[in-house]
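Single-structure report; data block below.
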Amino acid sequence: MKLLTDKQKAAIDELLEKMTLEEKIGQMNQISPSIVGGFDVSFEELIEMMTDGRISKEEFGRLMAGAKQDFHDDVNRAGGLSSVLVSDPEVINSLQKIAVEQTRLGIPLIIGFDVIHGFRTVVPIALAEAGTFEPELFEKTGRIAAKESRASGIAWHFAPMLDISRDARWGRISEGPGEDPYLASVFAKARIRGLQNDDENPENYVAACLKHYVAYGACESGRDYNTTSMAKSMLHNTYLPPFKAAVEEGAATVMASFNDLNGVPCTVNNYTLRKILKEDYGFEGFVVSDANAIRECIIHGIAEDEQDAAVKAASAGMDMDMGTWIYSKELKSAVESGKLDITCIDEAVRRILGIKMRLGLFEKPYVTEEEMHRYDKLPEEHLAHALEVAEKSIVLLKNNDVLPLKKTAKISLTGALADMPEEVLGSWAISGRADDCVTILQGLKNAGADVSYHPCCGPEGEIDEAEVKAAVLDGDVIIAVVGEFASMSGEASSRADISLPGRQQELLKMLLDSKKPVIAVLMNGRPLALSWESEHVPAILECWHLGVQMGNAVANVLFGDVNPGGKLTCTFPAMTGQCPMYYNTPKTGRPASKSKFTSRYLDAPLEPVYPFGYGLSYTNFKYSDMDIQEEKDCLKVSVVLENTGDRDGSETVQLYMHDVSASIVRPVKEMKGFSKEYLKAGESRKVTITLSKDQMGFYDDDAIYHLEDGRFIIYIGGNSKECLKQEININF
Ligand code: GLC
137 MKLLTDKQKA
147 AIDELLEKMT
157 LEEKIGQMNQ
167 ISPSIVGGFD
177 VSFEELIEMM
187 TDGRISKEEF
197 GRLMAGAKQD
207 FHDDVNRAGG
217 LSSVLVSDPE
227 VINSLQKIAV
237 EQTRLGIPLI
247 IGFDVIHGFR
257 TVVPIALAEA
267 GTFEPELFEK
277 TGRIAAKESR
287 ASGIAWHFAP
297 MLDISRDARW
307 GRISEGPGED
317 PYLASVFAKA
327 RIRGLQNDDE
337 NPENYVAACL
347 KHYVAYGACE
357 SGRDYNTTSM
367 AKSMLHNTYL
377 PPFKAAVEEG
387 AATVMASFND
397 LNGVPCTVNN
407 YTLRKILKED
417 YGFEGFVVSD
427 ANAIRECIIH
437 GIAEDEQDAA
447 VKAASAGMDM
457 DMGTWIYSKE
467 LKSAVESGKL
477 DITCIDEAVR
487 RILGIKMRLG
497 LFEKPYVTEE
507 EMHRYDKLPE
517 EHLAHALEVA
527 EKSIVLLKNN
537 DVLPLKKTAK
547 ISLTGALADM
557 PEEVLGSWAI
567 SGRADDCVTI
577 LQGLKNAGAD
587 VSYHPCCGPE
597 GEIDEAEVKA
607 AVLDGDVIIA
617 VVGEFASMSG
627 EASSRADISL
637 PGRQQELLKM
647 LLDSKKPVIA
657 VLMNGRPLAL
667 SWESEHVPAI
677 LECWHLGVQM
687 GNAVANVLFG
697 DVNPGGKLTC
707 TFPAMTGQCP
717 MYYNTPKTGR
727 PASKSKFTSR
737 YLDAPLEPVY
747 PFGYGLSYTN
757 FKYSDMDIQE
767 EKDCLKVSVV
777 LENTGDRDGS
787 ETVQLYMHDV
797 SASIVRPVKE
807 MKGFSKEYLK
817 AGESRKVTIT
827 LSKDQMGFYD
837 DDAIYHLEDG
847 RFIIYIGGNS
857 KECLKQEINI
867 NF
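Be aware that the sequence shown starts at 137, since it is given in the numbering used here, and climbs by one per residue.
In structure tokens:
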């Protein structure tokens, strides 16, 4: 997205001069269509009735079939709408026509939608994609999603989601790049480059929206929307870095999060919105609330009523109201009564108009018939990208010489998830289409496998014992696809027990009783507690929700056409009770150990089942000859990496550091770099990663960044647990 030209800036000044107060406030209003008719209760009530089971999903669908969407054309015509959350291109054009041709000033709408991991070509959930450790892939995902959605008239993605998450109970861990601030920052920058690529042609880029700002992933007990509180040093060292990195990359918009942070909801938080984001980070785009969040400030107990909520939000730097209409209702009287200074309104409108101009919406507000249908059939290039990301997101967790399978293997495939197309899409894939999805069953067939399918059991419901018997009889090897429905992660999907849901573990036990080799293929949107599985199942592939090409990717890895190289972006605890569990934790004065009086549980192991950065390969890698060369501004950390196996493969070499003694305690390890290496069988290579000295500091509780002389331990290895290390003394 090009920066504003002087001419465009002048045009904005001119527009602001002309705009009435109502028209300015209209630019701060983002709506979703109201659902009307077809039933005699409100839409929200209908949703509740379905959620709590008073009506079935089928009944809900029938009632919705008779309903209409009200886009408030009259308000639009009066210049009262700025943005609409919608994805149908015909509808988008009709709404734009009203805004551009029937309002006094003809300011176009900015159409926003949740495009988190692909629009039509849905790729793996971000928690998986980040595990490829390939920023070029993160960027290309953004670029493809931008092109596909812009052809529908969507110019604004409510993405990337950048919430650091350390608690696997939280369902929204699936939407972001995991538990590490460094990896999340690399992911953030690459995704912004992809979405907003600096292109001449507006058909190729959209405005990104960094969410959820900020520390939403720190919700107490992993329960969605729950309270968050932390020291400012924690906020600046752990939760802000991906947002800071994305703002530096030019992110166009930011979405404030639902949670209260240290007592102040992020929707009305002056410190995070005005001080940090707009002043310290110099953010020039606009901030949008999360859905209904301004109204929820009354429920939080920070606002007396809707006008108080409106004034507090606008004063704090909240530029656009998503979904409540409160700005439309309350801001005019707030300004006229002197409760709100008009400068807040003008600043918000200037920011919003700036993004609309940079998107080229004034020049090209509509999409053509050709554009609308450009991606009805997914282009081969997009599908190839989805397949590549899916293959590289797969993490081999365990393999007792079971994998890869021979193409001639006689396979019994089990697990209901193996043949449920919509489940491969994962959370927040609203614009994905089941017809485009390749299931694991289909993927095996596409690979020419000799496979018989026996569902047996899913994440809910009973085990079909007859199917289990048939499965055990049929195949020489058994694949069990187990895990979570896509709806078990994502928003409002926290789980108080992160073990395999339903009776899937029992299914594994029944299959293992056959004494035939069993491979667990996991389909899940969060780390699972796999203590028993990790001990008893001879091979485990973490396959997440991999998007439209899931089946083909899983088959290619199972048969060894692709050697898995994905790494975990989050820690897998042994049991739920260990949550939150993450690698970059302070040491404490009594680090967990076998002795009693240390920071440990009586009834849980000391270590996670699988640590951050972990992932095996069909070959083996050896690390040796670590070396550190100190230069003026950086350390050159090198290691010799050797592929000692008989297969070519990839390995993500990871660099960590520990500040041994500082003015505040520092994590036992912090990732500061990585390098993904592809080596042929038998090949060895010296790998060097640069650690710039300005990365070796930390923020204190006054949000001041410190580089402190002293001892550091530098680690380099294939995951956050198994590393070579050297100590070094640094004087900055
Ligand atoms: C939801 C989510 C947010 C999403 C928005 C619009 O509540 O919190 O991630 O972008 O509403 O759908």
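Beta carbons are placed, not taken as given, at the ideal position from N, Cα and C, and that holds for glycine.
Reduced DSSP secondary structure (H/G/I, E/B, other) of residue i
i: Asp149; result: helix
i: Ala656; result: strand
i: Thr408; result: helix
i: His293; result: strand
i: Asp358; result: Inspection of the sequence shows that residue 358 is occupied by Gly rather than by Asp. Three-state DSSP puts Gly358 in a helix.
i: Arg569; result: coil
i: Tyr349; result: strand
i: Cys679; result: coil
i: Lys857; result: coil
i: Met186; result: helix
i: Ala343; result: strand
i: Cys770; result: strand
Reference residue i, options the options, closest by Cα
i: Ile566; options: Lys651, Ala675 and Gly683; result: Gly683
i: Ser548; options: Leu580, Val574 and Glu620; result: Leu580
i: Ile615; options: Gly551, Arg639, Gly638 and Ser629; result: Gly551
i: Phe274; options: Tyr737, Ser729, Val604 and Ile252; result: Ile252
i: Glu270; options: Glu671, Phe810, His436 and Pro595; result: Phe810
i: Gln205; options: Asp188, Arg213, Phe179 and Ser469; result: Phe179
i: Ala354; options: Val608, Gly696, Met717 and Ala522; result: Met717
i: Asp739; options: Gln714, Lys758, Ile171 and Thr721; result: Gln714
i: Val654; options: Val608, Ser625 and Arg510; result: Val608
i: Gln157; options: Ser469, Lys475, Cys433 and Leu658; result: Reading the sequence as shown, one finds Leu at residue 157 and not Gln. With distances taken between Cα atoms, Leu157 lies closest to Ser469.
i: Lys448; options: Cys480, Ser369 and Tyr417; result: Cys480
i: Cys859; options: Met807, Arg279 and Gln831; result: Met807
i: Glu505; options: Gln166, Gly437, Gly307 and Ile228; result: Ile228
i: Tyr589; options: Tyr375, Ser650, Val617 and Ile850; result: Val617
i: Pro674; options: Lys546, Gly781, Leu704 and Leu539; result: Leu539
i: Pro741; options: Gly749, Lys730, Gly751 and Tyr750; result: Lys730
i: Val823; options: Ala203, Ile491, Gln685 and Lys772; result: Lys772
Sequence-distant residues of the same chain with beta carbon closer than 6 Å to residue i, five excluded per side
i: Asn442; result: Inspection of the sequence shows that residue 442 is occupied by Glu rather than by Asn. Only Ile462 and Glu466 meet the Cβ criterion.
i: Val485; result: Lys160 and Gln163
i: Pro595; result: Glu620, Phe621, Pro637 and Gly638
i: Leu843; result: Gly833 and Phe868
i: Gly289; result: Pro225, Ile228, Ile247 and Val503
i: Asp782; result: Ala817
i: Ser629; result: Gly307
i: Met646; result: Val604
Cα-Cα separation, residue i to residue j
i: Pro747; j: Asp316; result: 12 Å
i: Phe890; j: Thr707; result: Examination of residue 890 is not possible in this model, given that the chain is present from 137 through 868 alone.
i: Ala344; j: Asp761; result: 43 Å
i: Thr734; j: Pro727; result: 6 Å
i: Phe834; j: Phe323; result: 21 Å
i: Glu384; j: Glu766; result: 28 Å
i: Met508; j: Asp477; result: 42 Å
i: Ala429; j: Met391; result: 11 Å
i: Ser774; j: Ile825; result: 6 Å
i: Val604; j: Met659; result: 20 Å
i: Ala691; j: Glu559; result: 17 Å
i: Arg190; j: Leu182; result: 9 Å
i: Val693; j: Thr575; result: 14 Å
i: Leu241; j: Phe498; result: 11 Å
i: Asp188; j: Cys770; result: 57 Å
i: Ile328; j: Lys138; result: 13 Å
i: Leu495; j: Met793; result: 41 Å
i: Asn333; j: His518; result: 17 Å
i: Val531; j: Thr705; result: 10 Å
Sequence-distant residues of its chain with Cβ nearer than 8 Å to residue i (five each side left out)
i: Arg870; result: Outside the shown range of the chain (137 to 868) lies residue 870, about which nothing can therefore be said.
i: Arg431; result: Glu442, Ala445, Thr460 and Ile462
i: Ile634; result: Ala304, Arg305, Arg662, Pro663, Leu664, Ala665, Pro709, Thr712 and Cys715
Chain-order list of residues whose beta-carbon lies under 7 Å from that of residue i (same chain, five-residue window excluded)
i: Arg847; result: Val796, Ser797, Glu863 and Asn865
i: Tyr511; result: Arg256, Glu284 and Ala287
i: Ile171; result: Phe179, Ala203 and Gln205
Quiz item: Hey, is the region 451-466 in contact with the region 419-436, meaning 3+ C-beta pairs nearer than 8 Å?
Solution: yes
Quiz item: With a cut-off of 8 Å, do at least 3 Cβ pairs link the region 485-495 to the region 150-160?
Solution: yes
Quiz item: Does the region 239-248 come within contact of the region 256-267, defined as at least 3 CB pairs closer than 8 Å?
Solution: no
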